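Undergrad: Numbering (the UniProt record's numbering), first residue to last: 1 to 166. The beta carbon of each residue, even a glycine, is placed where N, CA and C say it ideally should be. All of these numbers come straight from a predicted model, not from anything done at the bench. There's a structure below that I have some questions on.
Take a look at the structure:
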């Protein structure tokens with residue numbers, strides 16, 4: 001029997017995750033806001049959930065994203081890129097969260113490259129680089145930018161993965 005991932009077969013595509021209708025609606029609203037470059041519209045969507053997290057420094061979402069934009073990281077572009085990645089699912093306190101990219105939904109112990117398929121290893125390296133992989137090997141969770149939407153459509157977070165997160 002040939003394992004799912006082997007050198008004798010092409011790498012397998014990530015498993016497709018069926019998104020709940022409220023998740024699709026929120027994702028589409030966010031993509032629309034991001035396509036027009038509207039940090040204000042993104043901030044209004046974030047404000048619909050009083051538990052939304054964009055940063056760990058206490059800045060307002062809009063101010064934080066504006067700061068990122070001024071330092072060369074366009075949050076609207078990055079959000080669009082995240083939604084181009086496959087989604088993963090993570091259960092948190094009995095609630096289903098849809099997480100982009102899918103690798104960010106994995107527990108730290110399952111994110112170690114040796115536990116991933118060949119394709120997932122390559123994607124992990126592309127997403128977080130060697131420095132990020134070193135953090136994963138130290139037992140840290142996914143250290144890159146990520147976003148999540150709850151099954152009921154609440155936008156939960158859009159974070160960078162900075163050190164202050166722990």
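1) Looking at the unbroken alpha helix (DSSP H) that takes in residue 123, where does it start and where does it end?
2) Note down the Cα distance separating residue 79 from residue 147, rounded to an integer number of angstroms.
3) Write down every uninterrupted run of the beta strand (DSSP E) in the segment 71 to 125 whose length is 3 residues or greater and which is fully enclosed by it, in chain order.
4) What's the gap between the Cα of residue 85 and the Cα of residue 34?
5) Is residue 27 helix, strand or coil when you go by DSSP?
6) Can you tell me which of 93, 94, 98 puts its alpha carbon nearest to the alpha carbon of residue 87?
7) Flag this pair as yes or no: are the beta carbons of residue 22 and residue 132 separated by less than 8 Å?
8) Among the residues of its own chain, which have a CB less than 7 Å from the CB of residue 62, if the five just before and after it don't count?
TA: The answer reads as follows:
1) Here residue 123 refers to the residue found at position 123 of the chain shown. Segment 118 to 137, the alpha helix (DSSP H) holding residue 123.
2) Counting from one through the chain shown, the residue named residue 79 turns up at place 79. Counting from one through the chain shown, the residue named residue 147 turns up at place 147. The straight-line gap from Cα to Cα measures roughly 8 Å.
3) 88 to 92, 95 to 100
4) The residue you call residue 85 lines up with position 85 of the chain shown. The residue you call residue 34 lines up with position 34 of the chain shown. Rounded to whole angstroms, residue 85 to residue 34 spans 15 Å at the Cα level.
5) Within the chain shown, the letter at position 27 stands for residue 27. Helix, per DSSP.
6) For the purposes of this step, residue 87 is taken as residue 87 along the chain shown, with counting starting at 1. The candidate whose alpha carbon is nearest that of residue 87 is 98.
7) Along the chain shown, one-based indexing puts residue 22 at 22. Along the chain shown, one-based indexing puts residue 132 at 132. Cβ atoms of residue 22 and residue 132: not closer than 8 Å.
8) If you number the chain shown from 1, residue 62 lands on position 62. Contacts found: 39, 40, 43.
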